[in-house]
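Chains as they are written, first to last, in this note's numbering: chain A, 2 to 381; chain B, 16 to 528. The structure appears right after this line, and notes come after that.
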């Protein structure tokens, strides 16, 4: 039934397109209201995207958004809201930085060790919320928000010079990592260097798709998200599934800070990017929890981030980009729900119509209209 | 196109029944009449005046009210609160509203008490509250969507009494039902819908259920009777002293002991909410027994998780297919995987095998006559009967040893019903053990080899399906005949040959009080 496939693609694309159109329109209204040209900022920002050095920045930034959004998306796929990605990735990046500074193995061992450290730290931190949910029924939303705050405190403690901290001027760092743990980038000449971790991010996206769509575990996870009661009746242990999903989500979160840590900063300092976990929520929403969709959403977000500073030089506020991001998230939620309902109803109507017209998947499925009419009668 | 060329005329002061197969378009028609959906063409007129509804509020304003199949009441509010909810402007929320409710209740003999909590009410009483709710809003035309599906025969009679009162007061009732006998007994006029269009009208006095059903499906009709006994002496499911408690220690199920043999259908009769759901949950592993044992053939499965039970041959046709049997927004082939994700053809090792699953879904769709244009449409877009056929096909495809069939034909049209009965019968012949739970007593009596009655979480009576009548069974279900339905024959085997197996020792109604 090719027709329904095409329809599904159309429905999948309609949501984000409507959301983006609404976001652009509303942002233009904001611009007009503040007495500015409503079109020029976009031209400026699009122009930025054509410069190769900005492109590298966008890709590098997007890789972190992408991983964080995948972590959020795993949770979303089974109706778990892991708001704690932010705390998980920061703590994990710091743990990796500390291990990287104190352990010196050859690169083929050092890098896997750092990855493992980050995975486990992230999983540990989200696992706390998971255990609380399955044993005490604490909402994962509340638990992860609190864990974010606790993570900040833990990071502050680890930064103490008496613990793992190294003061560099006014900055708190964890000391420089051994060079064997630096992940080589892809040299783009004058444009700069694309983080080597981008490749890992792509692999994660592929892995995410394969696990969700091609494994028994992925099916159970999606079933739990679609209908908890039906999943339980089908044999999924809901508690174990919650805990597993939480652990996986946390483990992936743990990797979200590594592109920049292993590719650029090589230390966890006060300058380390924060808030990626929260951005990941919006990106996962916009990307419909689909690995390709998330990739586009992450690139879009990174573009808004990296192209907007230019606006300041032309008399616009770069916060326009932030306004846009905010509106996109709002519009996405509304438009997806609307499109989903519309799509379901439309399909119901169409199935009704096809059946009334006699197009039934019958004995000799989908022959000509005349034939299937006969089959249906025979089918009784 | 779900509906076309529909002609329906409902006269004032009559009960007009609407019958038709599932997916025939009854629900769509009701949605249009109640303003939930807009017609593409055609007109609706009330008292000769043409109307157009864009929401249920418009329909209510025009005096059309709907009593849904699934009650829409808040359990933790009182009857009064439920009735006034959303219509506070009509008679306020205090004494005036209470007086109005009592007045309506007395006028139509509904016997509704405004200050009880809804959670304290039985199913029949809740239904009367729903009817009152609609009348309170000034409805002069009531739409009742399968109102008898959840009632025992005695309650159905009481409901019909209420409907006659309504009719006598000049109200019109549109009555949707699958149970043709009931339709014939209560309706003044009958309209039959088939494949989205009205195919005829009938006058009850001149029609038999069989004629009506044949009009509905356009073909010959089945009966649920099983012909010869296939019961063996090989126990497949043995439940002993099963007890299930609430968190507070109150027994939901107590002292449940029964055995189902290969080739046996054990029918469980009972008013809904007497422990059937809990029993099913305990058997499929969604709830674990607080004491007692469950054995599948030789293996004790009491501690097994759901998945292992299903892998080992427990099939499950759930009571609520939307909550427990389907992923509504997933395509049919993913629904074919649901519940059997670890089994062939759905998986190879830890990997899914979508190709094989899709292939097998096509087979199920054809063999079980699931009416769908393809296997990529969502389960939600199929009609209830076709969803059920898919579930039955899926469960049967894994050759279960023991099948839990909870209301297997609820909300399913006669055509599909017959198919499902056939499939259960066929599997039974091949040695399947079935626990059949149904509110349709004819189905229960017709399909079962053994009957048990559950009341208040206990198995209180058993009966021989060969001789018992729905009325006798009905009184045991209300608890009136607790402990008084006794049999001389031993349970399970050889009962079909002994027509004198049922004997009521005392008059059940009087003694039980």
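Each residue gets a CB set at the ideal place from its N, CA and C atoms; glycine is no exception. None of the values given here were measured: they were computed from a predicted structure.
Exercise. Residues in the stretch 141 to 161 of chain B with C-beta within 8 Å of chain A's C-beta atoms, listed in sequence order?
Worked result: none
Exercise. Which residue from 390(B), 113(B), 81(B) puts its Cα closest to that of residue 96(B)?
Worked result: 113(B)
Problem set entry | Pairwise C-alpha distance: residue 104(A) and residue 342(B) | 49 Å
Exercise. Is residue 346(B) helix, strand or coil by DSSP?
Worked result: strand
Exercise. Does the distance from the CB of residue 101(A) to the CB of residue 197(A) come in under 7 Å?
Worked result: no
For this session: Determine whether the Cβ of residue 125(A) lies closer than 7 Å to any Cβ atom of chain B.
Result: no
For this session: Note down, in chain order, each residue of its chain lying with its Cβ closer than 6 Å to the Cβ of residue 467(B), except the 5 sequence neighbours on either side.
Result: 283, 474, 477
For this session: Decide if residue 34(A) is buried, meaning its Cβ has at least 16 other Cβ atoms within 10 Å, or exposed.
Result: exposed
Exercise. With a cut-off of 7 Å, does the C-beta of residue 54(B) fall near any C-beta of chain A?
Worked result: no
Exercise. At least one CB of chain A closer than 7 Å to the CB of residue 473(B): is that the case?
Worked result: no
For this session: Measure the alpha-carbon distance for residue 123(A) versus residue 89(A) and round it to whole angstroms.
Result: 5 Å
Exercise. With contact counted as at least three CB pairs below 8 Å, one residue from each stretch, are the stretch 249 to 268 of chain B and the stretch 303 to 319 of chain B in contact?
Worked result: yes
Exercise. Between residue 160(B) and residue 84(B), is the Cβ-Cβ spacing less than 7 Å?
Worked result: yes
Problem set entry | DSSP-derived helix/strand/coil call for residue 183(A) | coil
Problem set entry | When 297(B), 153(B), 461(B) are compared against residue 181(B), the one with the closest alpha-carbon | 153(B)
Problem set entry | Secondary structure, alpha helix (DSSP H): runs of 4+ residues fully inside the stretch 215 to 264 of chain A | 217 to 227, 229 to 235, 239 to 256
For this session: Have a look at residue 502(B) and residue 488(B) and give me their C-alpha separation to the nearest angstrom.
Result: Note that residue 502(B) has pLDDT 43, beneath the 50 cutoff, so the model's placement of it is unreliable and the number below is only indicative. In a straight line, the C-alpha of residue 502(B) is about 13 Å away from that of residue 488(B).
Exercise. Can you name the start and end residues of the beta strand (DSSP E) that residue 81(B) belongs to?
Worked result: 79 to 82
Problem set entry | Three-way DSSP call (helix, strand, coil) for residue 501(B) in this model | Bear in mind that the predicted position of residue 501(B) carries a pLDDT of just 49, short of 50, making it unreliable; the figure below should be weighed with that in mind. Residue 501(B) falls in the strand class under three-state DSSP.
Problem set entry | Proximity below 7 Å, CB of residue 142(A) to CB of residue 47(A) | no
Problem set entry | Beta-carbon contacts of residue 408(B) that lie in its chain and below 6 Å, excluding the five residues immediately before and after | 379, 383
Problem set entry | Residue from 46(B), 93(B), 45(B), 77(B) with nearest C-alpha to residue 60(B) | 77(B)
Exercise. Which residue spans inside the stretch 111 to 150 of chain B form an unbroken alpha helix (DSSP H) run of at least 4?
Worked result: none
Exercise. Given that residue 333(B) touches chain A, what residues does it touch there, using C-beta distances under 8 Å?
Worked result: 234
Exercise. Taking 7 Å as the CB-CB cut-off, is residue 342(B) touching chain A?
Worked result: yes
Problem set entry | Given 8 Å, three or more beta-carbon pairs between the stretch 326 to 333 of chain B and the stretch 405 to 421 of chain B | yes
Exercise. Buried or exposed: where does residue 307(A) fall if 16 or more other Cβ atoms within 10 Å of its Cβ makes it buried?
Worked result: buried
Problem set entry | beta strand (DSSP E) segment containing residue 215(B), residue limits | 212 to 217
Problem set entry | Proximity of residue 396(B) and residue 349(A) at Cβ, strictly below 7 Å | yes
Exercise. In chain B, which residues lie less than 9 Å from residue 345(A) when you measure between Cβ atoms?
Worked result: 343, 344, 393, 395, 396
Exercise. Between residue 354(B) and chain A, is there a C-beta pair that is closer than 7 Å?
Worked result: yes
For this session: Could you tell me which of 10(A), 311(A), 134(A), 273(A) sits nearest to residue 98(A), measuring between CA atoms?
Result: 273(A)
For this session: Kindly say whether residue 77(A), judged by its beta-carbon, lies nearer than 7 Å to any beta-carbon of chain B.
Result: no
Exercise. Using the C-alpha atoms, what's the distance from residue 47(B) back to residue 389(B)?
Worked result: 27 Å
Problem set entry | Run of the alpha helix (DSSP H) containing residue 168(A), from where it starts to where it stops | No alpha helix (DSSP H) holds residue 168(A); the beta strand (DSSP E) holding it covers 167 to 169.
Problem set entry | Option nearest residue 74(A) by Cα separation, candidates 296(A), 353(A), 351(A) | 296(A)
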